[in-house]
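Residue numbers for the sequence shown follow the numbering used here, beginning at 2 and rising by one.
For each residue, glycine too, the CB sits at the ideal point set by N, CA and C.
Predicted model, so just to flag it, every value in this text is computed and none were measured.
Worksheet for the structure shown next.
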Amino acid sequence: MNKITQKLQTFAKIRQLHTIISQETITPSSPTPPHLKTHNLSLLDQFAPDMHTPFVFFYRNYKNGDNKLLKQSLSQCLTQYYPFAGGIPTPFLPYINCNDEGVEFLEAFNDIPLDDFIHKNEQNETLDQLFPYGLSSTVRASCPKLLDVQLNHFAGGGAAVAVSMSHKLADGATFANFINHWATVTRCQPPVNPSFVSSSTSNNVRLPKFVIKDLDKVNVKAAAIKSDSLKPSSLSVATNMRNKVVENYSETAAGNLFTLAIVKMEEFGEIRLSEVISEVRKAKLGLEGMRDEQEVVDKLLNTFSTLQGDIYYSSSVCRVPFYEVDFGWGKPQEVVLRIPNVDENTIILMDTPSGDGITAHVHLPEEEMAILHKDKEFVNYLQDI
């Protein structure tokens with residue numbers, strides 16, 4: 002039996018355990034005022050990858066019957082996060098129609114216990130069933146919602162709340178603020194409302210396409226070993242700009258408020274971890290005190306124009322409060338970020354459930370991954386999960 006056949010059989014078996022039981026559209030509890038009907042994407046929003054970011058939150062102590070409460074609180078939440086209930090014009094234009102068309106809310110039942118499901122969650126096909134319409138780019142294109150939700154019930158109790166959000170609207174901090182806002186409203190507590198960052202015009206800025214990815218020093222080392230030489234390469238680290246720009250955006254500012262701190266690795270001889278860390282810190286300090294997002298974008302484009310060789314990107318959601326999301330059932334047992342079709346040379350970092358470790362999702366070419374697993378310094382950091 003070949004690998005494709007095995008995957009198809011696994012997928013079919015999983016589908017038999019997974020049943021959609023309801024589907025509806027959740028709209029804002031109050032209509033969006035006329036003067037807010039158009040939300041111009043900021044320069045950094047336009048720079049963001051055209052993809053959805055899917056998180057799933059697992060709860061062992063979910064209370065049966067809370068589905069109605071979740072829908073009501075989501076409707077209330079959308080009055081503050083009104084662009085999320087809108088749509089981006091097709092073909093792409095740099096604004097959102099805040100037309101209150103709503104968010105898809107699906108419910109599903111899985112005929113296995115929650116703990117068994119979590120134990121198997123290393124299978125991407127299993128995780129994909131938790132999200133509305135799956136995660137394939139083909140299916141996503143047929144349902145171009147900016148935000149959708151699926152509440153998954155498990156045999157014996159427990160639930161998983163899966164949320165998929167367009168990166169054109171939100172970075173990791175905005176995603177966390179939104180989901181915590183929704184959870185706070187569900188608990189009947191006063192939430193902290195967002196402030197949306199937008200462009201003053203609707204001009205479509207020509208920007209190079211890229212996908213936010215991430216790396217650490219060992220990835221560069223693997224590439225260097227593969228070519229038997231230290232070829233030029235660069236390390237790019239996604240950096241939150243909320244407290245670095247003179248405009249001084251608040252922590253609840255919504256949108257894409259990040260840039261990339263870039264280190265040119267060809268300036269080193271043999272790469273040492275301490276040197277890489279030092280250079281990343283310098284690169285981040287170099288982002289302090291920028292006037293506005295235009296200066297952020299200009300600096301980023303100028304830096305990209307000088308890069309040579311391989312580029313490794315780094316993105317981290319460590320210390321972002323995803324494990325604080327409490328809908329009234331306690332904090333999640335586990336939170337999983339599931340990004341499909343991630344390009345090579347990508348590492349995604351996230352806190353472990355206990356908060357005392359980091360989970361690294363590493364995406365490298367097969368031959369470089371083999372080299373990485375032979376690197377003693379790297380292996381010393383590994384721990385079976």
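Per DSSP, E105 lies in no alpha helix (DSSP H) segment; the continuous beta strand (DSSP E) that holds it begins and ends at V104 to N111. In this model, D112 and A160 are separated by some 12 angstroms (Cα to Cα). Contact between the segment 343 to 359 and the segment 307 to 324 is present: 3 or more CB-CB pairs across the two stretches fall below 8 angstroms. Between V186 and P195, the CB-CB gap reaches or exceeds 8 angstroms.
Minimum Cα-Cα distance from P95 among the listed residues P55, L45, P114 and Y134 corresponds to L45. DSSP, read as helix, strand or coil, puts Q24 in strand. The beta carbon of W330 lies closer than 7 angstroms to those of Y60, N62, Y63 and K64 in the same chain, with the five residues before and after it left out.
DSSP places N244 outside any alpha helix (DSSP H), giving it a letter other than H or E. Segment contact: the segment 324 to 340 against the segment 246 to 266, fewer than three CB-CB distances shorter than 8 angstroms; contact not assigned.
Beta-bridge analysis with DSSP links Q151 to L107 and A163. In the DSSP assignment, E335 falls outside any alpha helix (DSSP H) and lies within the beta strand (DSSP E) extending over E335 to L338. Burial is judged here by how many other beta carbons sit within 10 angstroms of a residue's own beta carbon; G87 has at least 16 and is buried. Contact annotation: the segment 148 to 159 does not touch the segment 32 to 44, with fewer than three C-beta pairs closer than 8 angstroms. Taking C-beta separations shorter than 7 angstroms and ignoring five residues to either side along the sequence, the partners of T304 in its chain run I263, following chain order. A163 and P354 have their C-alpha atoms roughly 17 angstroms apart. Y63 carries a coil assignment under DSSP once its states are collapsed to helix, strand and coil.
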